[in-house]
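Each remark here refers to the structure printed beneath this line.
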Amino acid sequence: MRRGHHRGEVDLFVRPGRHAPFRAMAVGWLAPVAAALLVVGGVVAWGIVSAREQGAAPPPRSAAVPSKLLLLELRSKDAVMLAVVGSSGTSPPAALAIPPNVVMTIPGQGDGTVKDVTLLNGSEATVAISNLVGAWIPHYAVTDPNHLAAIVDRAGGIQLFGSVASGAEVSAGLLEPGPARALTWRETLIGLFEAGPSWAPSDFLGSDDAAAGARLLTAAKGAAMEALPTATVTPGYLRPDYEAVAGLMQERFGMAGQPPVRVLVLNGTGAPGVGESVAERLIPQGYRVVVSENASSFDHRKTLVVAASEESREMAEQVRRLLGVGTLSVSAVPSGLGEVTILVGEDYTNG
């Protein structure tokens with residue numbers, strides 16, 4: 544692989560990720576590059592901008608007003624169900640159940656499905672689902688059927704499939720294996736938010752901030768249940784309709800209306816956690832990671848931020864400012880996959 548130069552042509556090759564077969568499904572327009580080869584050709588550098596020169600940089604793009612969202616995880620022995628709950632604070636709360644068979648890009652992990660996300664810890668899962676919905680989710684809370692049953696009983700039961708169900712009945716439905724479990728999870732959330740019980744920190748198995756999680760879920764009384772906009776990409780798998788997702792997040796959750804700027808992240812050091820760390824910095828400011836892979840070698844000392852065109856130059860500068868490092872370049876041959884490509888080097892501080 545040729546290293547990034549300040550002038551001339553740069554090719555950025557990608558190692559096949561562990562979820563490479565999902566790439567064509569995750570984003571339909573990636574089918575021509577299912578071989579996992581990404582080339583950003585004809586890159587002409589227009590200057591190295593150090594962290595000391597940030598004064599001339601434009602202010603970072605902002606995704607929305609501060610988010611008041613929470614990722615709620617229901618964990619049992621053989622399954623994990625996910626939902627995003629809350630709002631930006633400027634609109635009534637809403638809830639969004641996330642189907643396990645949605646294909647997506649997982650920052651720092653590559654391409655996979657929501658089911659793969661459920662194998663991650665809470666903070667990693669929060670970054671991944673934030674990337675999926677295009678809005679930053681600052682909190683997560685994990686519960687299980689037994690704790691959820693206690694919440695249902697505190698509410699005096701909830702409506703489930705047209706009748707009042709006790710906590711034990713809800714728990715039994717959520718433990719029943721098969722495709723109906725996702726529907727039971729969705730209907731349970733509808734019943735819970737209609738009943739509006741008070742949540743407590745002790746209702747969670749884990750959380751980044753149990754008190755905040757309890758407040759957000761208690762405040763979600765009356766939350767409308769929404770469906771993630773998707774299209775069937777192949778039997779058994781769904782692909783997000785990102786334009787419709789952006790519209791939903793604006794209308795129901797009060798987030799930014801425009802789809803996030805697409806970013807490709809290549810790990811040029813081999814250090815673990817790089818993709819996730821970059822995503823944590825970019826997603827809150829209105830960016831979405833659409834490719835997260837290893838570069839073909841791990842000897843890159845300097846970070847390279849490549850704008851897909853002159854029109855994307857300002858976006859690339861904003862990305863460089865958020866990262867705090869990077870050589871800014873513009874490609875003469877856009878990849879067509881995103882507005883900005885980042886080849887992360889050793890100068891990037893992961894954390």
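Residues in the sequence shown are numbered consecutively from 544, following the numbering used here. Beta carbons are placed, not taken as given, at the ideal position from N, Cα and C, and that holds for glycine.
Of the residues assessed, Phe796 falls on the buried side of the cut-off, its CB having 16 or more other CB atoms within 10 angstroms. Restricting attention to alpha helix (DSSP H) runs no shorter than 4 residues, the stretch 732 to 771 encloses them at 753 to 761, ordered along the chain. The beta carbons of Val685 and Glu616 sit closer together than 8 Å. Burial of Pro642 is indicated by the presence of at least 16 other C-beta atoms within 10 angstroms of its C-beta.
Bounds of the beta strand (DSSP E) holding Glu616 are Lys611 to Arg618.
Counted as a single uninterrupted DSSP element, the beta strand (DSSP E) harbouring Leu871 occupies residues Thr870 to Val876. In the DSSP assignment, Pro783 falls within the beta strand (DSSP E) that extends over Tyr780 to Pro783. Taking a cut-off of 8 Å for Cβ pairs, the stretch 689 to 696 and the stretch 625 to 633 do not touch, as fewer than three such pairs fall below it.
Per DSSP, Asn644 has no beta-bridge partner at all. Here the stretch 661 to 681 makes contact with the stretch 797 to 809; the two share three or more CB pairs at distances below 8 Å. Excluding the 5 residues flanking it on each side, Pro877 has same chain C-beta neighbours closer than 6 Å at Ala851 and Ser852, in chain order. Counted as a single uninterrupted DSSP element, the beta strand (DSSP E) harbouring Glu836 occupies residues Tyr830 to Asn837. In the structure shown, Gln801 adopts coil according to DSSP, grouped into three states. Exclusion of the five residues before and after Gly756 leaves Leu613, His682, Ala684, Phe747 and Ser750 as the residues of its chain whose Cβ lies within less than 7 Å of its Cβ. As computed with DSSP, His682 is found in a beta bridge with Leu613. Taking C-alpha positions only, Phe736 is separated from Asn664 by approximately 26 Å.
Collapsing the DSSP output to three states places Thr669 in a helix.
The C-beta distance from Asp659 to Ile649 rounds to 6 Å, short enough to fall under 8 Å. Proximity of the stretch 709 to 721 to the stretch 761 to 780 falls short of the contact definition, fewer than three beta-carbon pairs being nearer than 8 Å.
Gly888 places its beta carbon 8 Å or farther from that of Gly818. Here the stretch 702 to 718 does not lie against the stretch 823 to 843, with fewer than 3 beta-carbon pairs under 8 Å apart. The closest CA to that of Arg864, considering only Ala875, Val833 and Val821, is found on Val821. Here Gly869 has Thr846, Val848 and Arg863 as same chain residues with Cβ atoms under 6 Å from its own Cβ, once five neighbours each way along the sequence are excluded. Excluding five sequence positions before and after Pro803, the CB atoms of its chain that fall closer than 6 Å to its own CB belong to Gly677, Gly829, Tyr830 and Arg831, given in chain order.
Residue environment for Gly655: buried (at least 16 other C-beta atoms within 10 angstroms of its C-beta). Given a length threshold of 4 residues, each whole run of the alpha helix (DSSP H) inside the stretch 681 to 715 is given here in chain order: 688 to 697. Cβ-Cβ distances below 8 Å link Gly779 to Asn644 in the same chain, with the five nearest sequence neighbours on each side left out; the list follows chain order.
The residues Val804, Glu882 and Val883, in chain order, have a CB closer than 6 Å to that of Met858 in the same chain once the five nearest residues on each side in sequence are set aside.
About 6 Å separates the Cβ atoms of Ser631 and Lys611, confirming a contact at the 8 Å cut-off.
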